[in-house]
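One structure is given below, encoded as structure tokens.
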Amino acid sequence: MFFDSWFALLRVVVVGTLAYTALVVLLRTSGKRTLAKLNAFDLVVTVALGSTLATVILSKSVVLLEGVVAFLLLVSLQYLVAWLSVRWPRFSDLVKSEPTLLFHRGRFLDTALRAQRLTRAEILAAIRSAGAASAEHVAAVVLETDGTLSVIRDTNAAGGTSSLADVHGAGSDGR
Numbered sequence: 001m002f003f004d005s006w007f008a009l010l011r012v013v014v015v016g017t018l019a020y021t022a023l024v025v026l027l028r029t030s031g032k033r034t035l036a037k038l039n040a041f042d043l044v045v046t047v048a049l050g051s052t053l054a055t056v057i058l059s060k061s062v063v064l065l066e067g068v069v070a071f072l073l074l075v076s077l078q079y080l081v082a083w084l085s086v087r088w089p090r091f092s093d094l095v096k097s098e099p100t101l102l103f104h105r106g107r108f109l110d111t112a113l114r115a116q117r118l119t120r121a122e123i124l125a126a127i128r129s130a131g132a133a134s135a136e137h138v139a140a141v142v143l144e145t146d147g148t149l150s151v152i153r154d155t156n157a158a159g160g161t162s163s164l165a166d167v168h169g170a171g172s173d174g175r
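In structure tokens:
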């Protein structure tokens, strides 16, 4: 069906505007971390907020106040998980993964690549995207907790890879 009623269109405009405004206010008051996408849990909250907004706007069976309460619930749960993660490392270990070293000083770490279900071609693509002409000019490639690939250029300086301190597999020799 292409058109139901003018009232249905008006409802989408009014409820959509109010729901969007409520979500923006809630996100601004909850802080930048709410949409940071630092790990899988953060990504789930971001997707859930978008899905909830769409449902509130398009579903006649969900009233605006229910949608706002759902926004509040999602943001509160994300805040609680982040708060607990900062204060208790064991809780953090439960909800967050750790970054994984995939390439180190010219060597592909095949065991890590298999474990993370990535290919050498994907690592080379990340290296190219970072603007490195050669893999030999790259100190490391890390799969971050949010699923992105970080490329660390080789600085040829002693201790030049201190950013790898919390990365799984980044021992003194990168194993």
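In UniProt numbering, the protein residues as written are 1 to 175.
Ideal Cβ placement from N, Cα and C applies to all residues, glycine included.
Subject >> Presumed contact (8 Å Cβ cut-off) between V68 and T34, rounded CB distance >> reply: Actually they do not touch by this definition, with Cβ atoms about 15 Å apart.
Original post:
Who does H137 pair with in a DSSP beta bridge?
Top reply: Per DSSP, none; premise fails for H137.
Original post:
So what's L77 in DSSP terms, helix, strand or just coil?
Top reply: helix
Subject >> Euclidean distance between Cα positions of T52 and F71 >> reply: 7 Å
**OP:** Could you tell me whether the Cβ atoms of L23 and L49 are closer together than 8 Å?
**Re:** yes
Original post:
Of the choices S85, P99, V44, whose alpha-carbon is the least far from that of D93?
Top reply: S85
**OP:** Return helix, strand or coil for E105, following the three-state DSSP convention.
**Re:** Residue 105 is actually Arg in this sequence, not Glu. Looking at R105 - three-state DSSP - the assignment turns out to be coil, as it is neither helix nor strand.
**OP:** Within 10 angstroms of the Cβ of A139, are there 16 or more other Cβ atoms? Answer buried if so, exposed if not.
**Re:** buried
Original post:
From V151 to W6, what does the alpha carbon distance come to, in whole angstroms?
Top reply: 52 Å
**OP:** Go to R153, then tell me how far its alpha helix (DSSP H) extends in each direction, as first and last residue.
**Re:** Where R153 is concerned, there is no enclosing alpha helix (DSSP H), although the beta strand (DSSP E) it sits in stretches over 149 to 153.
Original post:
Under the three-state reduction of DSSP, which class applies to V63: helix, strand or coil?
Top reply: coil
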